[in-house]
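Single-structure report; data block below.
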Amino acid sequence: MRLAAALALLLAAPAAAQDFIPARGLLSDEEFHKIVSCGAPVYGRCAIEPRAWPREVALDVSVSRLQDVEPVSPAISAQVDLAIDQAIAQINGAGARLQLYRLPDNRPARVHISVRKPRSLTILTGEKHHRDLPGGMVVFGMNAAGEIERVNIFINSEAGLSVIRSIVLEELTQGMGLPFDISNPAYRRRSIFSQETNAVTVLTGQDAAVLRLHYPPTD
72 MRLAAALALL
82 LAAPAAAQDF
92 IPARGLLSDE
102 EFHKIVSCGA
112 PVYGRCAIEP
122 RAWPREVALD
132 VSVSRLQDVE
142 PVSPAISAQV
152 DLAIDQAIAQ
162 INGAGARLQL
172 YRLPDNRPAR
182 VHISVRKPRS
192 LTILTGEKHH
202 RDLPGGMVVF
212 GMNAAGEIER
222 VNIFINSEAG
232 LSVIRSIVLE
242 ELTQGMGLPF
252 DISNPAYRRR
262 SIFSQETNAV
272 TVLTGQDAAV
282 LRLHYPPTD
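The sequence shown lines up with residues 72 to 290 when you count with the numbering used here.
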């Protein structure tokens, strides 16, 4: 399927308009999971229906990087390439009933990752100013049962080299059905889901716990 056609389908099921939830203090695993999976504030209701890969697919999630459609810095491109492998290893090691594997570039896959210049992300996000653009974004394609069918991940080509590893890990983890960030000072250097920082490069603690809650290893 051509990229333009794929985008048209994927954009029919975007993430929610507000992609972060404010909270204060350390939360329980269950509270944290509700925030990042369905946008539910503490003691509040979900903003979206929770989404996940179908059970039979969750242990067979293929990932491929798409060829850059615009010139990208070789340093950024190489860092993204390394970050994809590191993110896959982190997710696979979290203890969830979820396994990803990488295919060669430009192969049909359940998850496609591409690096885009800000002007392309401006069109995709509808933002008017480059300064408002995220380091990356996830767009879900859903099936009729409300399960994840495919995911496109876009990485901002102007993100700094120092944060690429964190951004790729965050976007790939969110592509597993955990699309919301959390705005909470207690999580700024604790969680990959922090709205304010791109400081975390490993899945530990509650980040790993929410993956296990979303894909229980004994389910």
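For every residue, glycine included, the Cβ atom is placed at its ideal position computed from N, Cα and C.
Bear in mind the structure is a predicted one, so any value in this text is a computation, not a measurement.
Cβ neighbours of residue i in the same chain (closer than 7 Å, five flanking residues each side left out)
{"i": "L232", "result": "A146, I147 and Q150"}
{"i": "V273", "result": "Q161"}
{"i": "Q245", "result": "V209"}
Short Cβ contact (8 Å threshold) for residue i with residue j
{"i": "L282", "j": "I162", "result": "yes"}
{"i": "Y286", "j": "R168", "result": "yes"}
{"i": "E241", "j": "G276", "result": "no"}
{"i": "A227", "j": "P256", "result": "Residue identity differs from the one stated: residue 227 is Asn in this sequence, not Ala. In this structure, P256 does not lie closer than 8 Å to N227 by Cβ."}
{"i": "A230", "j": "I224", "result": "no"}
{"i": "A26", "j": "S133", "result": "Any answer about residue 26 is impossible in this case: the structure gives the chain only from 72 up to 290."}
{"i": "E267", "j": "R261", "result": "no"}
{"i": "K188", "j": "E127", "result": "no"}
CB-CB length for residue i against residue j, believed under 8 Å
{"i": "F211", "j": "R122", "result": "7 Å"}
{"i": "L130", "j": "Q157", "result": "Going by Cβ atoms, the distance from L130 to Q157 rounds to 20 Å, so no, they are not a contact pair."}
{"i": "V186", "j": "V222", "result": "Between V222 and V186 the Cβ distance is about 16 Å, and since that is not below 8 Å, they are no contact."}
{"i": "F91", "j": "I219", "result": "Actually they are not in contact, since the Cβ atoms of F91 and I219 sit about 20 Å apart, beyond 8 Å."}
{"i": "W124", "j": "M213", "result": "Wrong, their Cβ atoms sit about 11 Å apart, outside the cutoff."}
Status (buried if at least 16 other CB within 10 Å, exposed otherwise) for residue i
{"i": "S144", "result": "exposed"}
{"i": "V234", "result": "buried"}
{"i": "G115", "result": "exposed"}
{"i": "T289", "result": "exposed"}
{"i": "M72", "result": "Interpretation of M72 is limited by its pLDDT of 32, a score under 50 that renders its predicted location unreliable; the figure taken from the coordinates is listed afterwards. Classification of M72: exposed, given that the 10 Å Cβ count is below 16."}
{"i": "P250", "result": "buried"}
{"i": "L42", "result": "Residue coverage of the chain in this structure runs from 72 to 290, which leaves residue 42 outside it and unanswerable."}
{"i": "V107", "result": "buried"}
{"i": "A215", "result": "exposed"}
{"i": "R236", "result": "buried"}
{"i": "L243", "result": "buried"}
{"i": "R173", "result": "buried"}
Cβ neighbours of residue i in the same chain (closer than 8 Å, five flanking residues each side left out)
{"i": "E101", "result": "L284"}
{"i": "A280", "result": "D100, F103 and H104"}
Identity of the residues DSSP links to residue i by a beta bridge
{"i": "P93", "result": "S254"}
{"i": "Y172", "result": "S133"}
{"i": "S185", "result": "F225"}
{"i": "V210", "result": "N223"}
{"i": "S265", "result": "I253"}
Any non-hydrogen atom of the ligand HEM closer than 7 Å to residue i Cβ
{"i": "A146", "result": "Within the structure as shown, the ligand HEM is missing, as the structure has no ligands at all."}
Cβ neighbours of residue i in the same chain (closer than 6 Å, five flanking residues each side left out)
{"i": "Q138", "result": "N177"}
{"i": "A111", "result": "K105 and C117"}
{"i": "A270", "result": "R260"}
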